[in-house]
Structures are given as C-alpha cells and as structure tokens.
Amino acid sequence: MMIHITRKEHFNAAHRMYREEWSAEKNNEVFGKCANPNWHGHNYNLFVTVKGEITHATGYLMDLKELKQIINEYVIEKLDHKNINMDVEFMKGIMASTELLCIGIFNQLKAPIEAYPGVFLHSVKLYETENNSAEYFGG
Numbered sequence: 139m140m141i142h143i144t145r146k147e148h149f150n151a152a153h154r155m156y157r158e159e160w161s162a163e164k165n166n167e168v169f170g171k172c173a174n175p176n177w178h179g180h181n182y183n184l185f186v187t188v189k190g191e192i193t194h195a196t197g198y199l200m201d202l203k204e205l206k207q208i209i210n211e212y213v214i215e216k217l218d219h220k221n222i223n224m225d226v227e228f229m230k231g232i233m234a235s236t237e238l239l240c241i242g243i244f245n246q247l248k249a250p251i252e253a254y255p256g257v258f259l260h261s262v263k264l265y266e267t268e269n270n271s272a273e274y275f276g277g
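168 is the number that this note's numbering gives to position 30 of the sequence shown; each next residue is one higher, with no gaps.
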C-alpha cells in the first residue's frame, strides 16, 4: 500500500539575485528589488514529501520525528538565519533563486532519507512567499 507523508518546516534566510558579470543596471532590470546590494530576506516554508509502503508493525511509513531530524540536520541548520549566497555550502556558485534552492534542498535530503529501507524522497516544495513556491520531484 503506497502512501505519501509530508513534513513542514520553516526557516528564514537572506539572498540576493544578481550576476557578477552584469552591470548594476542590467541586474536591476532583470531582478528588480531582488538585486538589492544589501540583500533581502524571506520566511520560507518547506514541505518534504516521502513515499513508500506502510510498515504493518508500526502502522506508518517512517517515524516523523526521524524525518524532522534529517530535515533539520541537512537543511534547516544550514539555511536558517543565513545568507544563502555567502553562508550555505551547497549553494556556493549557484544562483540563489527559489527554484535552484529547492533543487539543492532535494539533493541534500535524498540520500539520508533513502537510507531508510523502503522510503523514497518524493518531492520538496519550497514557499518563498505566501504566493510563490517551487516544487521539485528529482530527475
């Protein structure tokens, strides 16, 4: 019996959208306020969905406390109250867009989650604002 379960977490982080090789004018034209040289921040909401078969002995796919620990160790501790452009190792040299951050988070979580037998990372959904989000299914 295949089931999907989702854990929601939250973190705050700053970033700046810009390309070093572009002029300030071009960065402002393309990225607008997001190119602010003094950075800007978001209150991100992260949804991590795993899938697999229910274990009949426990009645669940995975202990959600363990999923929370993985998310906190591999993602939240690395991102919360950090500057994504400067402080987050797995985002070094990568544009700090929500889309690419979502993919980076997925890549951080895949191996530790899938170390649990029969548990697979289905998707990562990242809300940058109440109205804007990105979702990645791997691949």
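Cβ coordinates follow ideal geometry from the N, Cα and C atoms, glycine included.
What do you get for Met140, buried or exposed, if any count of 16 or more other CB atoms within 10 angstroms of its CB means buried?
exposed
Thinking Glu252 and Phe258 are a contact (beta carbons under 8 Å), I'd like their distance in whole angstroms, please.
About 6 Å; that satisfies the 8 Å criterion.
In this structure, what does DSSP give as the bridge partners for Lys263?
Phe185 and Glu273
Between Tyr151 and the rest of its own chain, which residues show a CB-CB distance below 6 Å, the 5 nearest in sequence each way excluded?
For the sequence presented, residue 151 should be read as Ala rather than Tyr. Only Leu217, Lys220 and Ile222 meet the Cβ criterion.
Which two residues bound the contiguous beta strand (DSSP E) that contains Glu147?
Met140 to His153
Please give the ranges of any alpha helix (DSSP H) in the region 173-256, keeping only runs that are unbroken, at least 4 residues long and fully inside the region.
202-209, 222-225 and 236-252
Quick one: what's Phe169 bridged to in DSSP?
Paired residue(s): none; Phe169 is not in a bridge.
Name the residue from Ile208, Gly170 and His178 whose alpha carbon lies nearest to the alpha carbon of Glu266.
Among Ile208, Gly170 and His178, the Cα nearest to that of Glu266 belongs to His178.
Which residue's Cα is closest to the Cα of Glu204: Thr144, Asn269 and Gly276?
Thr144
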